[in-house]
Every structure is written in C-alpha cells, then in structure tokens.
Amino acid sequence: MSNTKNTAHGQVQETSSKSSSGTRKPIVLMSMGAQERAGHEYQVMTKKYMRPLVEHAGCVPVLAPTCFGSNDLALYLSMVDGVYLTGAGSNIDPSLYGQENLTPEKTQDQDRDRFDLPLIHAALAMGLPLFGICRGMQELNVALGGDMYQKLYAIPGMREHREDYSASVAQQYADVHTVKMVPDTWFASLMQQAEIPVNSLHGQGIKTLGKGLQALAHAEDGLIEAVHLPECEQFTLGVQWHPEWQAAQNPFSIRMFQAFGDACRQTVEKKSRN
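Taking this note's numbering, I'd label the letters of the sequence shown as residues 169 to 442.
So, in structure tokens, the structure goes:
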C-alpha cells in the first residue's frame, strides 16, 4: 500500500514495493547504452522506455551498465524477474551476423552487443520473460543466429522505414504504416484486431530469422515487425516499432506492457512458491 511522509516541501507520495495483490513488484533488468557528452563517457537509458514499464507493466526497472563486460550477468539475473531490451541510436556490429559493415557512418555500441547477446541466452535459459523493442528485437534475432538487412531503404520493394530527422519528435513518432498480425496467434488475440497502426524509426530490419523465432506481424512491404519464441514457455516478444512512445495514449502499447508485466508477476509468484 502507498503511504505519505512529511518533508520541508509538504507531503510526498511514496510508492509501495508491493502490487495491489500484496506480492512483491517484479524487478526488470534494462541494459544501458553508451553516449559521449562533452568529452565524458555516459551510460544512459531514456525515460520514455522506463515510463510504461513502471506505469503499465507495474514493474521496477534495474539499469545495468554494459561497459564493464558480462562477467556479472548471472548476478544481475538472480535479482530480476524479467528482461526488457530497448531501442537505441546505435546499430549492432554486423560482424556478429557475418556481414561487413555497410553503414560505417552509424554509431555502434559494441559493449552493449557483448552484454546483451549473452544476456539473452542466459535469460531464456532461466525462463525469464523477455521483451525487446527495435534494437532489442534485432539483438534477439542476432543472438539466435539470424541476420539483418543493414540498409532497408536500399532493398527494392521496401518502404522507407526511417524517420525524418528534420521533423519534430512528435512527427517522427507518429503512426505511418500498419502491421498485419499473423492470424490465430496469441499476439493477434492480444492486439484484438488483424492490423494496427505503428510508427517507424529504423533503417535496419530482420532478414533471416534466428533459430526458434517465428514472426507475429509483418509490415505492408513484408518486413518482419514482431517475433516470438513459441517453443519457450515464458513470455517472449520483440517488436520493431516503438510502443513505448506515449504508451498511455495507445491501447495496443498498453496491452503489450501489461502482458509483459503479468508474465513477470507470474515469475515472482513462482519464486515465492519455491
């Protein structure tokens, strides 16, 4: 239950560490990314990714720096009930899926690559729910042996999936195309309709699916826009668009984050029984 305390600035609402059911809130691991500012190296996580995890999934984020390697992955994962891999401005190192780098002008974050790919394998082996957005979905694909289109915009028949950098942020994140659900899947049932509108802010996309991955949705040009691992008992979902953007105003985004949060709560309940 929430409570308040008095401070010099009046009353401050304190958030309980327990859910309305009385169980502990799920803890979710989020890996951070590299950013340089004024000659200093930062590890960062954008607020827009954390907000729906807290407000709609009902989870507590734990941020992991990726710049110190993956030696402590087991320790991180022992603390959490789910893994949430976000988007980022960087591309995955193409050598990890057997290609030369065709976009040398784009930022890479090899520390995050070296952290997240083994993180994915370990989380899946532990049965932890996993949700990936944009780069996070691409990491899931590469971790499982899939590869990528590095330049979607150069592939005949593919639409322009990149944002207009000259536009406002609101315009960049506006819905610009639809994705069609694969029929008779749990994701189609979750979305409650055959097609949904989505934003599009990526220059790369899945070419070949990784081992065990199956598509859940496609763009109008056939690009894979959502994936899962049907052979895994736990929740697994990767989406290429950005459901975190103004999630509170998007019923499809809310359903995704609630489903992930519910899966993480099931993990908490399992742990409490053991």
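Every residue, glycine too, gets a C-beta built ideally from N, C-alpha and C.
- When C-alpha distances from E273 are compared across E437, A335, V222 and K319, the shortest belongs to K319.
- Excluding sequence positions up to five before and after S263, its CB lies within less than 8 Å of the CB of N269, all in the same chain and listed in chain order.
- The Cβ atoms of Q372 and M316 sit closer than 7 Å to each other.
- If you compare the alpha carbons of S336, I323, P324 and Q340 with that of R330, the shortest gap goes to Q340.
- Assigned with DSSP and collapsed to three states, Q414 falls in coil, not helix or strand.
- Your pair A431 and P297 checks out as a contact, with CB atoms roughly 4 Å apart and the cut at 8 Å.
- Taking the Cα of G406 as reference, the smallest distance to any Cα among D343, N309, T275 and K439 is reached at N309.
- Collapsing the DSSP output to three states places S440 in a helix.
- Here DSSP, grouped into helix, strand and coil, assigns R192 to strand.
- In this structure, G313 sits near K379, with a CB-CB distance shorter than 7 Å.
- One thing to note: D249 has its Cβ no nearer than 7 Å to the Cβ of V366.
- Looking only at A225, F299 and T271, the smallest Cα-Cα distance to F403 is reached by F299.
- Around the beta carbon of L397, 16 or more other beta carbons lie within 10 angstroms, which makes this residue buried.
- Its chain contains T346, V347 and F420 as the residues whose beta carbon lies nearer than 7 Å to that of I364, once the 5 sequence neighbours on both sides are disregarded; these appear in chain order.
- Nearest Cα to M326 within the set L391, P229 and A342: L391.
- Within the model, the alpha-carbon separation for S440 versus D389 is close to 46 Å.
- Bridge partners of E363 according to DSSP: K348.
- If you compare the alpha carbons of S246, L384, N418 and Y333 with that of P194, the shortest gap goes to S246.
- Secondary structure within the stretch 219-266: the beta strand (DSSP E) runs of 3 or more consecutive residues, fully enclosed, are 228-232 and 250-253 (chain order).
- For T275, the three-state secondary structure derived from DSSP is coil.
- From the listed residues P411, P286, N418 and G429, the smallest Cα separation to C302 is found for P411.
- Boundaries of the alpha helix (DSSP H) harbouring M305: R303 to A311, taken from the DSSP string.
- DSSP places A338 in the uninterrupted alpha helix (DSSP H) bounded by V337 to Q340.
- In this structure, Q211 places its C-beta atom within 7 Å of the C-beta atom of C235.
- For D315, the enclosing beta strand (DSSP E) has its first and last residue at D315 to Y317.
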